[in-house]
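Note sheet for the following structure.
Right under this line is the structure:
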């Protein structure tokens, strides 16, 4: 077999064997003989020049190459499913229930505020959003889709990187007006009242070294596990809050400080094979991934963009649109 081509039938067999961990069980599901399944796996391994399974007394265990292949195979299956869904025109007929899980940040602040768009598009889908300070267990049906700040390593979980959240400092103008001077670097935050979300502290090991040093230097005035409490305190002039850059779009009354980001943290969307069989979950996954498309919004790109580089251009666009509307009326 040519190495630049993949036999989709053998890849399909591979996915079933990986899910069941057994050649015999896979053969029963596929209605093929066990020797046929074994032969297809051998041929796939030869075509990829990689060992995908480690045969043991416990069954078929995925190697690292096998885990990588499984992730990509599931992504290809998902893409094919989306093509069929779009082509068949069934997008507006989907019904069912989907549970979305996340921490107290991106879920309620970015996804939640745009849920009406999803509901308008899929009025027969019931959405449940669970906000927890721990990762919901996909394998035990705590959620269908989860937004996580750690990449899952379990072979049963499918994941895609959604983007990077860039944490930086915000304050209310009322707070800034009371200060004799503003911090010119992150190491001057200790002169100010600072507010921190408890979850950010737990993510500290993934932050940049400067962020680790920052938290050692600052005696935070308020630490809370509520994003709502944190943001409202900041909006009332309670201090400088460490918040993701996209907050500038949600709360334009908060002022982003002229300092570089404190830390970039990557995040993923995760789900299982069961979710891919649930049309409501598939619709939610596709919609959520669109919310973080870097071509639509700049906040979640890998590279940090200061809100002041984005918001003026948007204001200018709004002025241009208004002038165009006025000219039409005239």
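Residue numbers (my numbering): 1 to 330. All residues carry an ideal CB built from backbone N, CA and C; glycine is no exception. Note that this is a predicted model, so its numbers are computed, not measured.
Q) Three or more beta-carbon pairs under 8 Å between the region 235-253 and the region 168-181, yes or no? A) Three or more Cβ pairs drawn from the region 235-253 and the region 168-181 lie within less than 8 Å of each other, which places the two stretches in contact.
Q. Could you give the C-beta distance for residue 404 and residue 28, rounded to a whole number, given that I count them as a contact under 8 Å?
A. Because the chain is modelled from 1 through 330, residue 404 falls outside the range shown and cannot be assessed.
Q. Where in the region 128-188 do unbroken runs of the alpha helix (DSSP H), each at least 4 residues long, occur, reported from the N-terminal end onward?
A. DSSP runs (the alpha helix (DSSP H)) wholly in the region 128-188: 173-177.
Q: Please say whether residue 271 and residue 145 have beta carbons closer to each other than 8 Å?
A: Mapped onto the chain shown, residue 145 falls at position 145. Mapped onto the chain shown, residue 271 falls at position 271. It is a contact, given that the beta carbons lie within the stated cut-off.
**Q.** C-alpha gap between residue 277 and residue 74, whole angstroms
**A.** Taking the first residue of the chain shown as position 1, residue 277 is located at position 277. Taking the first residue of the chain shown as position 1, residue 74 is located at position 74. If you draw a straight line from the Cα of residue 277 to the Cα of residue 74, it is about 12 Å long.
Q: Determine the contact status of residue 162 and residue 268, defining contact as a CB-CB distance below 8 Å.
A: For the purposes of this step, residue 162 is taken as residue 162 along the chain shown, with counting starting at 1. For the purposes of this step, residue 268 is taken as residue 268 along the chain shown, with counting starting at 1. Contact flag set, yes.
Q.
Taking 7 Å as the cut-off, is the beta-carbon of residue 283 closer than that to any non-hydrogen atom of the ligand ZN?
A. This structure lacks the ligand ZN, and indeed carries no ligand of any kind.
Q: Note down the Cα distance separating residue 109 from residue 102, rounded to an integer number of angstroms.
A: Sequence index remark: in the chain shown, residue 109 carries index 109 (1-based). Sequence index remark: in the chain shown, residue 102 carries index 102 (1-based). Roughly 11 Å between the two C-alpha positions.
Q: Only counting runs of 3 or more residues, tell me where the beta strand (DSSP E) segments fall wholly within the region 54-125, in order along the chain.
A: Runs of the beta strand (DSSP E) inside the region 54-125: 59-62, 96-102.
**Q.** Contained beta strand (DSSP E) runs [length at least 3] in the region 214-263, N- to C-terminal order
**A.** Listed in chain order, the complete beta strand (DSSP E) runs (minimum 3 residues) inside the region 214-263 are 222-224, 240-244, 254-256.
Q) Does the beta-carbon of residue 365 have 16 or more other beta-carbons within 10 angstroms, so that it is buried, or is it exposed? A) The requested residue 365 does not occur in the structure, where the chain is confined to residues 1 to 330.
Q: From the DSSP output, in three-state form, read off residue 299 for me.
A: Along the chain shown, read from residue 1 onward, the residue named residue 299 stands at position 299. In the structure shown, residue 299 sits in coil (DSSP, three-state: anything other than H, G, I, E or B).
**Q.** Whether residue 255 touches residue 172 by CB criterion (8 Å)
**A.** Locating residue 255 in the chain shown gives position 255, counting from the first residue. Locating residue 172 in the chain shown gives position 172, counting from the first residue. Result yes, Cβ atoms of residue 255 and residue 172 sit closer than 8 Å.
Q.
With a threshold of 6 Å on Cβ separation, who are the neighbours of residue 192 within its own chain once the five nearest residues in sequence on each side are excluded?
A. Mapped onto the chain shown, residue 192 falls at position 192. Excluding residues within five positions, the ones whose Cβ falls inside 6 Å are 240.
Q: Put residue 328 into one of helix, strand or coil per three-state DSSP.
A: Working through the chain shown from its first residue, we reach residue 328 at position 328. Low confidence applies here, because residue 328 scores a pLDDT of 44, under 50, leaving its location unreliable; read the following figure in that light. Secondary structure of residue 328 (DSSP, three-state): helix.
Q: Tell whether a beta-carbon distance below 8 Å holds between residue 228 and residue 198.
A: Locating residue 228 in the chain shown gives position 228, where the first residue counts as 1. Locating residue 198 in the chain shown gives position 198, where the first residue counts as 1. No, Cβ-Cβ distance for residue 228 and residue 198 is not below 8 Å.
Q. Can you tell me the Cα-Cα spacing of residue 325 and residue 290, whole angstroms?
A. As a first step, residue 325 is located in the chain shown; it is residue number 325 there, counting from the start. As a first step, residue 290 is located in the chain shown; it is residue number 290 there, counting from the start. Residue placement at residue 325 is poorly supported in this model, since its pLDDT is 42, which falls under 50; the coordinates still yield a value, given next. Answer to the nearest angstrom: the Cα atoms are 29 Å apart.
Q.
I'd like to confirm the pairing. Which residues does DSSP put opposite residue 265 in its beta bridges?
A. Working through the chain shown from its first residue, we reach residue 265 at position 265. Residue 265 pairs with 165.
Q. Beta-carbon separation of residue 139 and residue 151 under 8 Å?
A. Indexing the chain shown from 1 puts residue 139 at position 139. Indexing the chain shown from 1 puts residue 151 at position 151. Cβ atoms of residue 139 and residue 151: not closer than 8 Å.
Q. For residue 52, does the three-state DSSP call read helix, strand or coil?
A. As a position in the chain shown, residue 52 is number 52, starting the count at 1. Note: residue 52 maps to coil in three-state DSSP.
Q. For residue 38, which beta-bridge partners are listed by DSSP?
A. Here residue 38 refers to the residue found at position 38 of the chain shown. According to DSSP, residue 38 bridges with nothing at all.
Q | First through last residue of the beta strand (DSSP E) which encompasses residue 195 | A | Within the chain shown, numbered from 1, the residue matching residue 195 stands at position 195. Taken as a continuous stretch (DSSP letters only), the beta strand (DSSP E) holding residue 195 covers 194-197.
Q.
Does residue 22 come out as helix, strand or coil in the three-state DSSP assignment?
A. In the chain shown, residue 22 corresponds to position 22, counting from 1. Of the three classes helix, strand and coil, the one that applies to residue 22 here is coil, per DSSP.
Q | Exposure label - residue 72; buried when at least 16 CB within 10 Å | A | In the chain shown, the residue the question calls residue 72 occupies position 72. When all chains shown are included, residue 72 counts as exposed.
Q.
Please report the straight-line C-alpha distance between residue 104 and residue 6, rounded to a whole angstrom.
A. Taking the first residue of the chain shown as 1, we reach residue 104 at position 104. Taking the first residue of the chain shown as 1, we reach residue 6 at position 6. Going by the C-alpha atoms only, they are around 42 Å apart.
Q. Can you check whether the CB of residue 17 is closer than 8 Å to the CB of residue 37?
A. Against the chain shown, residue 37 aligns to sequence position 37. Against the chain shown, residue 17 aligns to sequence position 17. If you check the CB distance, residue 37 and residue 17 come in under 8 Å.
(Q) For the structure I just gave you, are there three or more beta carbon pairs, one from the region 111-125 and one from the region 295-314, closer than 8 Å? (A) Counting C-beta pairs closer than 8 Å gives fewer than three between the region 111-125 and the region 295-314, which falls short of the contact rule.
Q: Helix, strand or coil for residue 47, going by three-state DSSP, please let me know.
A: Translated into positions along the chain shown, residue 47 becomes position 47. Helix.
Q: Evaluate residue 328 with the Cβ neighbour count: other Cβ atoms within 10 Å of its Cβ, from every protein chain shown; 16 or more gives buried, anything less gives exposed.
A: Working through the chain shown from its first residue, we reach residue 328 at position 328. Note that residue 328 scores 44 on pLDDT, short of 50, meaning its location in the model is unreliable; the coordinates nonetheless yield the value given after this. By the 10 Å Cβ count, residue 328 comes out exposed.
Q: With DSSP as the reference, label residue 319 as helix, strand or coil.
A: Sequence index remark: in the chain shown, residue 319 carries index 319 (1-based). The predicted model places residue 319 with a pLDDT of 36, which falls under 50 and marks its position as unreliable; any figure quoted below should be read in that light. Residue 319 falls in the helix class under three-state DSSP.
Q: Kindly indicate the opening and closing residues of the alpha helix (DSSP H) around residue 288.
A: As a first step, residue 288 is located in the chain shown; it is residue number 288 there, counting from the start. Element bounds for residue 288: 279-291.
Q.
At the level of alpha carbons, what is the spacing between residue 159 and residue 266?
A. Along the chain shown, one-based indexing puts residue 159 at 159. Along the chain shown, one-based indexing puts residue 266 at 266. CA-to-CA, the gap between residue 159 and residue 266 works out to about 13 Å.
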